[in-house]
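*Asks:* Protein sequences, first through last, are from chains A and B. Our numbering numbers the first residue of the first sequence as 26 and each following residue consecutively. Our numbering numbers the first residue of the second sequence as 26 and each following residue consecutively. By construction, the Cβ of each residue, glycine as well, lies at the ideal position given by its N, Cα and C atoms.
Protein chains: 2
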Amino acid sequence: MSTLAQVLKANSEFMNSKTIQRIHENSHSVSKFPNRHLAIFTCMDTRLVEFLEPAMGIKRGEVKVIKNAGNSITGPFASTIRSLVVSIFELGVKEIMIIGHMDCGISHSTSRELIQKMLSRGISLDAIKMVEAELELWLDQFHNPIDNVKSVVYKIRCNPLIPKDIPVHGLIFNPNTGAINVVIDGYKSKIEEHGTYYAADVERLEKI
Amino acid sequence: MSTLAQVLKANSEFMNSKTIQRIHENSHSVSKFPNRHLAIFTCMDTRLVEFLEPAMGIKRGEVKVIKNAGNSITGPFASTIRSLVVSIFELGVKEIMIIGHMDCGISHSTSRELIQKMLSRGISLDAIKMVEAELELWLDQFHNPIDNVKSVVYKIRCNPLIPKDIPVHGLIFNPNTGAINVVIDGYKSKIEEHGTYYAADVERLEKI
Numbered sequence: 026m027s028t029l030a031q032v033l034k035a036n037s038e039f040m041n042s043k044t045i046q047r048i049h050e051n052s053h054s055v056s057k058f059p060n061r062h063l064a065i066f067t068c069m070d071t072r073l074v075e076f077l078e079p080a081m082g083i084k085r086g087e088v089k090v091i092k093n094a095g096n097s098i099t100g101p102f103a104s105t106i107r108s109l110v111v112s113i114f115e116l117g118v119k120e121i122m123i124i125g126h127m128d129c130g131i132s133h134s135t136s137r138e139l140i141q142k143m144l145s146r147g148i149s150l151d152a153i154k155m156v157e158a159e160l161e162l163w164l165d166q167f168h169n170p171i172d173n174v175k176s177v178v179y180k181i182r183c184n185p186l187i188p189k190d191i192p193v194h195g196l197i198f199n200p201n202t203g204a205i206n207v208v209i210d211g212y213k214s215k216i217e218e219h220g221t222y223y224a225a226d227v228e229r230l231e232k233i
Numbered sequence: 026m027s028t029l030a031q032v033l034k035a036n037s038e039f040m041n042s043k044t045i046q047r048i049h050e051n052s053h054s055v056s057k058f059p060n061r062h063l064a065i066f067t068c069m070d071t072r073l074v075e076f077l078e079p080a081m082g083i084k085r086g087e088v089k090v091i092k093n094a095g096n097s098i099t100g101p102f103a104s105t106i107r108s109l110v111v112s113i114f115e116l117g118v119k120e121i122m123i124i125g126h127m128d129c130g131i132s133h134s135t136s137r138e139l140i141q142k143m144l145s146r147g148i149s150l151d152a153i154k155m156v157e158a159e160l161e162l163w164l165d166q167f168h169n170p171i172d173n174v175k176s177v178v179y180k181i182r183c184n185p186l187i188p189k190d191i192p193v194h195g196l197i198f199n200p201n202t203g204a205i206n207v208v209i210d211g212y213k214s215k216i217e218e219h220g221t222y223y224a225a226d227v228e229r230l231e232k233i
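1. Can you tell me whether DSSP reads N169/B as helix, strand or coil?
2. Let me know the secondary structure DSSP gives N36/A once reduced to three states.
3. List, in order along the chain, the chain B residues whose C-beta lies closer than 7 Å to that of E161/A?
4. With a threshold of 16 other CB atoms inside 10 Å of the CB of N135/A, please say whether the residue is buried or exposed.
5. Taking the straight line between their C-alpha atoms, what separation do you get for D190/A and F76/B?
6. Run the CB neighbour count on L144/A, radius 10 Å, all protein chains shown included, and call it buried at 16 or more, exposed below.
7. Considering Cα atoms alone, identify which of H133/A, V55/A and A64/A is closest to F114/A.
8. Can you tell me where the alpha helix (DSSP H) holding V90/A begins and where it ends?
9. Quick one: does P59/A have its CB under 8 Å from some CB of chain B?
10. I want to see whether chain A comes within less than 8 Å of I45/B, judged by CB atoms only; does it?
11. Take L164/A as the anchor and find which of S104/B, T202/B, E38/B and A94/B has the nearest alpha-carbon.
12. Taking only beta-carbon positions, decide if Q31/B is within less than 8 Å of chain A.
13. Report the residue from C183/B, I45/B, L186/B and I187/B whose alpha carbon sits nearest the alpha carbon of N201/A.
14. Buried or exposed: which applies to A80/A, given that a residue is buried once 16 or more other Cβ atoms fall within 10 Å of its Cβ?
15. For A94/B, does the count of other Cβ atoms within 10 angstroms reach 16, so buried, or fall short, so exposed?
16. If I measure Cβ to Cβ from G211/A and keep anything under 6 Å in the same chain, skipping five residues before and after, which residues do I get?
17. Run through chain A and tell me which residues come within less than 8 Å of E157/B, C-beta to C-beta.
18. In this structure, how does DSSP classify C68/B when only helix, strand and coil are distinguished?
19. Determine the closest residue to E120/A out of V156/B, N60/B and V32/B, with distance taken between C-alpha atoms.
20. Name, in chain order, the residues that DSSP records as bridge partners for L196/B.
21. Count the other CB atoms, across all protein chains shown, that sit within 10 Å of the CB of H168/B; report buried if there are 16 or more and exposed otherwise.
22. Work out the CA separation of A30/B and A30/A for me, nearest whole Å.
23. With a threshold of 8 Å between beta carbons, is E167/B in contact with chain A?
24. Establish whether the CB of P170/B and some CB of chain A are separated by less than 8 Å.
25. Is there a Cβ of chain A sitting closer than 8 Å to that of T135/B, yes or no?
26. Between I123/A and N96/A, which are expected to be in contact by the criterion C-beta below 8 Å, what is the C-beta distance as a whole number of angstroms?
27. Cβ closer than 8 Å: which chain A residues qualify as neighbours of H13/B?
28. K84/B touches chain A at which residues, Cβ-Cβ below 8 Å?
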């Protein structure tokens, strides 16, 4: 059976199952407005599926969930920033959590190896040349998931489209054990008017 | 209690709960490589949390999950394309599903209203001016979640960084009932060499 057929079969079974009854019973007042006023931004990693949300005590109807490879911000108006802007101004989000995870695949990837794999699969060199510099800037700078969380908090915190009264927290998740640790407490971190970063706990962060 | 404190408390309780034992028992061979070789790209909507994955029969360890506002592709090397590139060339993904959903918030938003809200919240006009054209192109073109699914499938299908032998399916999800319908069957849709789109079922698609 094809993957698409498997998904459609699973959906048909789901629609007739007790699981969907239970979901409906537990979420009768659910709307597109997250009732905990929270947006989380995390990684696409498959170990987080059906694991991160329960590990955070997050349920349907409570938060907006944004995910990409390595919870990466790739520009000042990248889709994650747009998603946060819509979340804040249209959907009542008042707080943001960035959740990186240990053993993130992106921290093990290099642009050189990836390009070799793309070429050997028949991707055109011209297409690769169009994105090579951006690929290097992204993959070859991503060495450590904790540093990436700090960098992403910083990028969001400094983005002039994000109101300064929105706390931006940085957390790190263990995708095997389920444990969560704080990297940046967004209630304590502030931005100076000119965009220079300072945090009450900046010295502690340097040591993580 | 602050939202951050709530999340940390929930995590502490989770770590000592039976839920985590059950998750570990059910996912002993989980790694970063999705064992169903599938990546899904869907919306950040909170109604999908803990709902879309069970509705698709998807479990931890099986798929990569990418999410943003309106499952939008904002450029030829936007973070979603990067996430798919890494998924395919580094993590063994062989198939892609785009899953839009009915009543998507993005289809009800306009750039004009959003900009008014941003200005009244104190966001600088200069910052808004830097992104105004992109915001219009994104929000004011997004009228219908099904059309958006077709457009996103088309953008991925035509992207020269995505191998042509990777099926790209388009699905639409009902965020209230949990039902899934096929918009584009990626096994039947092909791209001509010069990038013109044709689908075996293109006439049917026009009528959805």
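*Replies:* This is what the structure holds:
1. coil
2. helix
3. Those do not exist, as E161/A stays about 12 Å from chain B at its closest Cβ, beyond 7 Å.
4. In the sequence under discussion, the amino acid at residue 135/A is Thr, which differs from the Asn named in the question. Classification of T135/A: exposed, given that the 10 Å Cβ count is below 16.
5. 31 Å
6. exposed
7. A64/A
8. No alpha helix (DSSP H) contains V90/A, which is instead part of the beta strand (DSSP E) from V88 to N93.
9. yes
10. yes
11. When only C-alpha atoms are compared, the closest one is S104/B.
12. Chain A contact via Cβ: present.
13. I45/B
14. buried
15. buried
16. P192, V193 and H194
17. Near E157/B there are no residues of chain A at all, since even the closest Cβ is about 10 Å away, more than 8 Å.
18. strand
19. V32/B
20. I124/B and V207/B
21. exposed
22. 43 Å
23. Just to set this straight, residue 167/B is Phe in the shown sequence, not Glu. Not closer than 8 Å to any Cβ of chain A, the Cβ of F167/B fails to qualify, so no.
24. For P170/B, not one C-beta of chain A is nearer than 8 Å to its own C-beta.
25. In terms of beta-carbon proximity, T135/B stays away from the interface with chain A, with every pair separated by 8 Å or more.
26. 6 Å
27. No information on residue 13/B is available, as it lies outside the stretch 26 to 233 that chain B covers here.
28. Per Cβ cutoff of 8 Å: V74 and E75.
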